[in-house]
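Enquirer:
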Amino acid sequence: IYIKGNEETEINSQQVFNDNNKLVYATEKEKGNDKSTITIRNKYDNNNNLIESSHKTEWLELLSKTEWKGERISKQSSYTISADLKKHINNITEFDILYNPINSKEFKDSKLNRELKFDYEFDENGNWIKKSVSMKDHFNNSMDFVPIYVDTRKISYWK
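Okay, so the sequence shown: first residue is 14 according to our numbering, each after it adds one.
1) Between the C-alpha atoms of S95 and E84, what's the straight-line distance to the nearest angstrom?
2) Tell me whether Y162 sits in a helix, a strand or coil according to DSSP, three-state version.
3) Output the distance between the C-alpha atoms of V37 and F30, rounded to the nearest integer angstrom.
4) Taking the alpha-carbon positions, what's the Q27 to I51 distance?
5) Taking the beta strand (DSSP E) that Y38 falls in, what are its first and last residues?
6) Beta-carbon within less than 8 Å of I142's beta-carbon, same chain only, minus the 5 sequence neighbours each way: which residues are those?
7) Distance check for I86 and Y112, CA to CA, integer angstroms please.
8) If we count the other Cβ atoms within 10 Å of its Cβ and call it buried at 16 or more, is N154 buried or exposed?
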């Protein structure tokens with residue numbers, strides 16, 4: 014049941030799971046409305062890793078694709094599919110072995126708009142203690158990455 018103000022709406026929900034208890038399909042429908050409020054579809058690889066996830070409404074679909082190297086995520090891409098069924102890429106992010114972003118490409122109307130590069134310094138435990146971020150504006154035809162910020166952190170470990 015969903016309540017907004019004094020109005021109450023009944024929402025029917027259905028989920029389907031695979032043999033490994035991972036969500037494959039889900040819908041939420043408003044009672045009395047045959048159209049799904051939202052539909053979720055997930056796809057998994059042979060190692061049971063999520064490789065594609067779709068969240069769809071009547072007007073829009075958000076699609077996420079994930080690439081794996083062994084047991085770790087190496088790359089994630091996100092897309093928007095509009096009502097006219099055109100697929101627009103939004104973002105591509107690549108990760109290092111510790112799942113830290115190392116490169117992120119932002120798109121506008123499926124054209125490369127901005128790119129971020131991440132460099133890290135790590136402590137003796139393998140956690141980053143300094144992250145330097147540089148940016149290249151493709152919409153301005155920049156040729157080089159320009160430093161935009163540095164993030165540092167101090168980590169205390171229990172003995």
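Don't be surprised by glycine CBs; every beta carbon is placed ideally from N, CA and C. Since we're looking at a predicted model, the values are computed, not measured.
Expert: Quick answer:
1) Cα-Cα distance, rounded: 33 Å.
2) Three-state result, Y162: strand.
3) Here the alpha carbons of F30 and V37 stand approximately 5 Å from one another.
4) Their Cα atoms are separated by approximately 11 Å.
5) It spans L36 to E43 - the beta strand (DSSP E) in which Y38 sits, taken as one unbroken run.
6) Leaving aside the five residues that flank I142 on each side, the residues in its chain whose CB is nearer than 8 Å to its CB run, in chain order, E134, F135, D136, T165, R166, K167 and I168.
7) Approximately 7 Å between the Cα atoms of the pair.
8) Exposed is the label assigned to N154, since fewer than 16 other Cβ atoms lie within 10 Å of its Cβ.
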